[in-house]
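Numbered as in my numbering, the sequence shown ends at 577 without a single skipped number.
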Amino acid sequence: MSNIGSYEDRLKNFAWSIAEDELDYKSGEIINIGWYCSDRICQKGKADKIALYYEGFEGNEKKFTFNDVRLASNTIGAFLKNLGLKNEDRVCLFMDRIPELYFAFLGVLKIGAVVQPLFSAFGDESLFVRLDNAQTRAIITQNKHLSKIRKIREKLPNLEFIIVVDQVRTKKTENREIGFSLEDTPPVEKFTIFPTKAESPSVLHYTSGTTGQPKGVKHVHYSLISQYLTTKWVLDLRDDDIYWCTADPGWVTGTSYGIIGPWSLGVTQCVLDSGFSAPAWYKFIEKYKVTMWYSAPTAIRSLMKAGDEVVKNYNLSSLRHLASVGEPLNSEAVIWSERIFGKQFHDTFWQTETGSIMITNYPGMKIKPGSMGKPFPGITGAIVDSKTFEPILETGKVGLIAFKPGWPAMMRTYWNNNEKYREKFVNGWYLSGDKATIDSDGYFWFIGRDDDVINTAGHLVSPFEVESALLEHPAVGESAVVAKPDEVNMEVVKAFITLKPGFTASSDLELEIMNFIRKKLSSLAMPQEIEYMDNLPKTRSGKIMRRVLHAREWGEEIGDISTLEND
Ligand code: WT7
11 MSNIGSYEDR
21 LKNFAWSIAE
31 DELDYKSGEI
41 INIGWYCSDR
51 ICQKGKADKI
61 ALYYEGFEGN
71 EKKFTFNDVR
81 LASNTIGAFL
91 KNLGLKNEDR
101 VCLFMDRIPE
111 LYFAFLGVLK
121 IGAVVQPLFS
131 AFGDESLFVR
141 LDNAQTRAII
151 TQNKHLSKIR
161 KIREKLPNLE
171 FIIVVDQVRT
181 KKTENREIGF
191 SLEDTPPVEK
201 FTIFPTKAES
211 PSVLHYTSGT
221 TGQPKGVKHV
231 HYSLISQYLT
241 TKWVLDLRDD
251 DIYWCTADPG
261 WVTGTSYGII
271 GPWSLGVTQC
281 VLDSGFSAPA
291 WYKFIEKYKV
301 TMWYSAPTAI
311 RSLMKAGDEV
321 VKNYNLSSLR
331 HLASVGEPLN
341 SEAVIWSERI
351 FGKQFHDTFW
361 QTETGSIMIT
371 NYPGMKIKPG
381 SMGKPFPGIT
391 GAIVDSKTFE
401 PILETGKVGL
411 IAFKPGWPAM
421 MRTYWNNNEK
431 YREKFVNGWY
441 LSGDKATIDS
451 DGYFWFIGRD
461 DDVINTAGHL
471 VSPFEVESAL
481 LEHPAVGESA
491 VVAKPDEVNM
501 EVVKAFITLK
511 PGFTASSDLE
521 LEIMNFIRKK
531 LSSLAMPQEI
541 EYMDNLPKTR
551 SGKIMRRVLH
561 AREWGEEIGD
571 ISTLEND
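Right, dumping it as structure tokens:
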């Protein structure tokens, strides 16, 4: 029997107080995610239970109990507090998936500060815009990422502390750097946790939109209520599970379900800090006897591509439940996983903004391969008309995915941008920005995004951010960036550019520009193809028509561009 039991019964009797009661939380009292994920689990008698199995890219292994997690997060919290960092300060985590990343996440929350996790593969420009926007006061990082921070720190007057976790303990230097290693710091047994309340800010994740710079999605400690219950009912985590979430905490899946969900339930999880390889992943599942695996369609498609033979070399019989997030999960992938693992991947749909799973296939529910499933109990989801914003009752008709606001993990605003936040609500609905249909059984079927944001391997990339970065290259006159279809990553970035006088199109220049973007932004944002153009298609008022280029890449009808031309 799964944790959720009967979905229909849960729908009838649902209240978020189910999670509040299980977490012994009473409205108006203190709620701190750092405490819930470590101290409370120890108090419940699981101090010696393994919280984390870690394996680095060189194969180095470590393991930590919940008591180790409690002590390490206390120690980091105390260190930050001694530096003078306080509640509501933004502290960025810019690290690979090393154990310190997970401990620091809880340590920052324990002092009531706001944790801002950023993907360690980000280049200096991606890093700069996010630190600048959040007016981040401290960044916790590793030696290997220091050069990127050194490049931009002069432009970041608010960034007072650059804390390096793999350097011996040092005092703050003139250039704001401080060495801090957990190994040479005595563990802090008792730490007074900052008394955060439900609405105290907790996590700040940056996400990309079509226009403007990335937006900081502000979450609060009360998000725990949704994250705990969805982890329990959707990911179906149980006491004896070994859980593997393949997402990096630089992205919301890696925090909501790679830290908060499993640890608030006191479940053992494993982390593999290395890139993708089918044999390495299968070996990891076999070695740690992973029972619950939460991954993404691009990874599943890559495993499919690696072939069915390689799987046979491993014993994967420990797997009990599989789930996926981030992009459309093709029906082929569901069918394949059933054949290969004897289990279907359960799709989960949600966003950085929603903070927790919104639409999903529940354990025990009939899966229609290719469908995302149904809204979580307590969530009112609908497809609304893109003009009237009224729910579409007709089955099979395309509309916008919308939710009634008010679930615990919902974002509270976009950092310093309340206006953009308010734009997400129309006619009493939160608009996700995605399109779908609903069938006669109430299952949601994903159609696509309602904007130009590119979803590459489950990561959102803003065409605007890439276009702006392209313009900084000396050879680029104009640029337009769109998604191009890709067998494995679903979409990849494609750029169209015109050259400035004096530059000649060549494949060397194409490579140079690609590298320029990879260094500045990230390998995800790097165009996989650059096409030289004499002119870019424009409206009469001079606006570049991405839509025309997009349609060309996808072999679609361009549609009516007369309005665009006049715009
Ligand atoms: C966007 C949100 C929250 C986890 C990671 C992504 C797309 C997400 C699915 C799915 C089809 C999906 C949507 C959404 N997306 N899950 N199951 N099927 N598309 O978070 O970076 O905020 O991206 O990812 O377009 O709006 P994110």
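Even glycine gets a Cβ: it sits at the ideal position worked out from N, Cα and C.
Mind checking whether T241 and L275 have CB atoms under 8 Å apart?
yes
Please indicate yes or no: does the CB of D357 lie closer than 7 Å to some heavy atom of the ligand WT7?
yes
Does W564 pass the burial test, meaning 16 or more other C-beta atoms within 10 Å, or should it be called exposed?
exposed
Any heavy atom of the ligand WT7 closer than 7 Å to the CB of V502?
no
Report yes if the C-beta distance between Q177 and D106 is below 8 Å; otherwise report no.
no
Determine the closest residue to M11 out of R248, K36 and G443, with distance taken between C-alpha atoms.
R248
Looking at A288: is its Cβ nearer than 8 Å to the Cβ of A316?
yes
Once you ignore the five residues that flank T195 on each side, which residues in its own chain have a CB closer than 6 Å to its CB?
T85
Measure the C-alpha to C-alpha separation of D449 and H356 and round it to an integer number of angstroms.
18 Å
What's the C-alpha gap between M555 and S305?
35 Å
Per-residue burial, E525 [other beta carbons within 10 Å of its own, 16 or more giving buried]:
The residue asked about is misnamed: residue 525 is Asn in this sequence, not Glu. N525 is exposed by the Cβ-count criterion.
In chain order, what residues of the same chain have a beta carbon less than 8 Å from the beta carbon of K510, not counting five sequence neighbours either side?
P484, A485, V486 and G487
Closest to G352 by CA distance: which of N340, L329 and L339 is it?
L329
D460 in three-state terms, based on DSSP:
coil
Report yes or no: do the segment 208 to 227 and the segment 390 to 410 share at least 3 C-beta pairs separated by less than 8 Å?
no
Buried versus exposed, by CB contacts within 10 Å (16 or more), D444:
buried
Counting only the same chain and skipping the five closest in sequence on each side, list residues whose C-beta sits under 6 Å from that of Y298.
Y63, I252 and C280
Can you give me the C-alpha to C-alpha distance between K54 and T278, rounded to a whole angstrom?
15 Å
Where do the N-terminal and C-terminal ends of the beta strand (DSSP E) with V262 fall, by residue?
That residue, V262, is in no beta strand (DSSP E); its alpha helix (DSSP H) goes V262 to T265.
My output table needs one value for H215: the three-state DSSP class, helix, strand or coil.
strand
Closest by CA to Q223, which one among V558, M421 and K430?
K430
Using CA coordinates, which residue listed in K56, S212, P387 and L480 is at the minimum distance from I6?
An answer regarding residue 6 cannot be provided, because it is not within the stretch 11 to 577 covered by the chain.
The alpha helix (DSSP H) that contains T583, what's its start and end?
No statement about residue 583 is possible, as the shown extent of the chain runs from 11 to 577 and does not include it.
Buried versus exposed, by CB contacts within 10 Å (16 or more), L81
buried
Beta strand (DSSP E) segments (min. 3 residues) lying fully within the segment 258 to 333
278 to 282 and 302 to 305
Give me the Cα-Cα distance between R186 and V503, rounded to the nearest whole angstrom.
36 Å
At a threshold of 7 Å, does Q126 count as lining the ligand WT7 (C-beta to nearest heavy atom)?
no
Apart from the five residues on each side of it in sequence, which residues of its chain come closer than 8 Å, Cβ to Cβ, to H229?
P211, S212, V213, L214, H215, G365, A419, M421 and R422
Which residues does DSSP list as the beta-bridge partners of C102?
Q126 and I149
Does the structure place the segment 386 to 399 close enough to the segment 407 to 415 that three or more beta carbon pairs sit under 8 Å?
yes
Among all the DSSP beta bridges, which residues are the ones paired with W455?
T447
Whole beta strand (DSSP E) runs in the segment 362 to 405 with 3 or more residues, listed along the chain?
391 to 394
Less than 7 Å between the CB of F351 and some heavy atom of the ligand WT7, yes or no?
no
Are the CB atoms of K588 and F138 nearer to each other than 8 Å?
The question about residue 588 has no answer here: the residues shown for the chain are numbered 11 through 577.
Closer than 7 Å: R459 CB and nearest the ligand WT7 heavy atom
yes
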